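Engineer:
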Ligand code: DAK
């Protein structure tokens, strides 16, 4: 694999892992992190053996403590606009990946950190992790999807409260409002995340992609149009080799062996 300065990219079997790696700045995201992320996503896209991607933080304290404030303070409004677009592009790229992406939040996920985590398919967190959109304390607003993905996940009222108070919430609170799927003791988070990743990695590649597409794209459509999307993807799954294999395996009382195809 390529060497990176601001992230670590690794694979564990068919699971790829991107670790944010600027521990001295609590993994705050700057332009170099964005570039490294883009290259790592190129690697993920180029390797069809990768079935799941996990994002996490190095250093034991933070997932990502936000966009790098020492960078932002020196950017002009137009440069900040480009930075915001680049961060949004990363989010959309993760959504466009055909594989599941899990945010494994092990510490502070503030501002841009909560936003990157929300652009993943779902979030697992350690008990001691923290979430929030504290931009309002800096006189700005979220610039990487916070005002849009947060209300879609937790509802408008809760999103407004978080964005307008800048409150930092615990992993448990984040779970209660539906931002986080599961919370684990810090020393169990990684193995639990990997366990879920391996479960998904054992499923059919095409059906994983179809589920992700239907939920992401359907979410913003009118119900009948969204269900039409599901019908089409469902029919395609039935036509895929994995769909045939899954149903034959059930009837033959054996474990399915999903080999991909049609994706
Ligand atoms: N940026 C830069 N450096 C940061 C940082 C950040 N977001 N967060 C922490 N650091 C640095 C600290 O400055 C400190 O550096 P040194 O002083 O050692 O050089 C080092 O990391 C350790 O942090 P602390 O000493 O502060 O550690 P504590 O345990 O005392 O406190 C903390 C941890 C997470 C509560 C605290 O560091 C903190 O409040 N950090 C800032 C959190 C924050 O406000 N995050 C939101 C940032 S704003 C946009 C795109 C995205 C966004 C906005 C616009 N567009 C491009 C338009 C998103 C904005 C944000 O994310």
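Numbering (my numbering), first residue to last: 75 to 337. C-beta: ideal position from N, C-alpha, C; glycine also. Bear in mind the structure is a predicted one, so any value in this text is a computation, not a measurement.
On the three-pair Cβ rule with 8 Å, is the segment 185 to 198 touching the segment 135 to 145?
Structural biologist: Flag = yes, the segment 185 to 198 and the segment 135 to 145 touch.
Engineer: What does the alpha-carbon distance come out to for the pair residue 111 and residue 81?
Structural biologist: Residue 111 and residue 81: Cα-Cα distance of roughly 7 Å.
Engineer: Classify residue 295 as buried or exposed, calling it buried when 16 or more other Cβ atoms lie within 10 Å of its own Cβ.
Structural biologist: The residue is exposed, with fewer than 16 neighbouring Cβ atoms inside 10 Å.
Engineer: From the DSSP output, in three-state form, read off residue 84 for me.
Structural biologist: Here residue 84 sits in strand by DSSP.
Engineer: Counting only the same chain and skipping the five closest in sequence on each side, list residues whose C-beta sits under 8 Å from that of residue 219.
Structural biologist: Around residue 219: 161, 162, 165, 189, 192 and 193.
Engineer: Quick check: what's the CA-CA separation for residue 221 versus residue 319?
Structural biologist: Approximately 42 Å between the Cα atoms of the pair.
Engineer: Which word fits residue 200, buried or exposed, when buried means at least 16 other C-beta atoms lie within 10 angstroms of its C-beta?
Structural biologist: Residue 200 comes out buried.
Engineer: Might you give, ordered along the chain, the residues of its own chain that have their beta carbon closer than 7 Å to the beta carbon of residue 285, omitting 5 neighbours on each side?
Structural biologist: Closer than 7 Å at the Cβ level, and outside the excluded window around residue 285, lies no residue.
Engineer: Taking Cβ to Cβ, would you say residue 198 is nearer than 8 Å to residue 262?
Structural biologist: Not closer than 8 Å, so no.
Engineer: Counting only runs that start and end within the segment 191 to 272, where is the alpha helix (DSSP H) found for 4 or more residues in a row?
Structural biologist: Runs of the alpha helix (DSSP H) inside the segment 191 to 272: 220 to 228, 230 to 239 and 245 to 250.
Engineer: Return the residue from the list 182, 328, 299 and 309 that minimises the CA-CA distance to residue 102.
Structural biologist: The shortest C-alpha separation from residue 102 is found at 182.
Engineer: When you measure from the CB of residue 143 to every non-hydrogen atom of ligand 1, does any distance come out below 7 Å?
Structural biologist: Checking the Cβ of residue 143 against ligand 1 gives yes.
Engineer: Enumerate in chain order the residues of its own chain whose CB-to-CB distance from residue 108 is below 6 Å, with the five nearest sequence positions on each side excluded.
Structural biologist: Excluding residues within five positions, the ones whose Cβ falls inside 6 Å are 160.
Engineer: Is the beta carbon of residue 176 sitting closer than 8 Å to the one on residue 195?
Structural biologist: Taking 8 Å as the Cβ cut-off, residue 176 and residue 195 qualify as a contacting pair.
Engineer: Just to confirm the assignment: which complete alpha helix (DSSP H) runs, minimum length 4, are found wholly within the segment 150 to 183?
Structural biologist: Runs of the alpha helix (DSSP H) inside the segment 150 to 183: 151 to 170.
Engineer: Count the other CB atoms, across all protein chains shown, that sit within 10 Å of the CB of residue 306; report buried if there are 16 or more and exposed otherwise.
Structural biologist: Counting Cβ neighbours within 10 Å, residue 306 comes out exposed, since fewer than 16 surround it.
Engineer: From the DSSP output, which residues share a beta bridge with residue 92?
Structural biologist: Its beta-bridge partners are 83 and 129.
Engineer: Please classify residue 107: does DSSP put it in a helix, a strand, or coil?
Structural biologist: Of the three classes helix, strand and coil, the one that applies to residue 107 here is helix, per DSSP.
Engineer: Using the Cβ count rule (16 or more neighbours within 10 Å means buried), how would you classify residue 298?
Structural biologist: Residue 298 comes out exposed.
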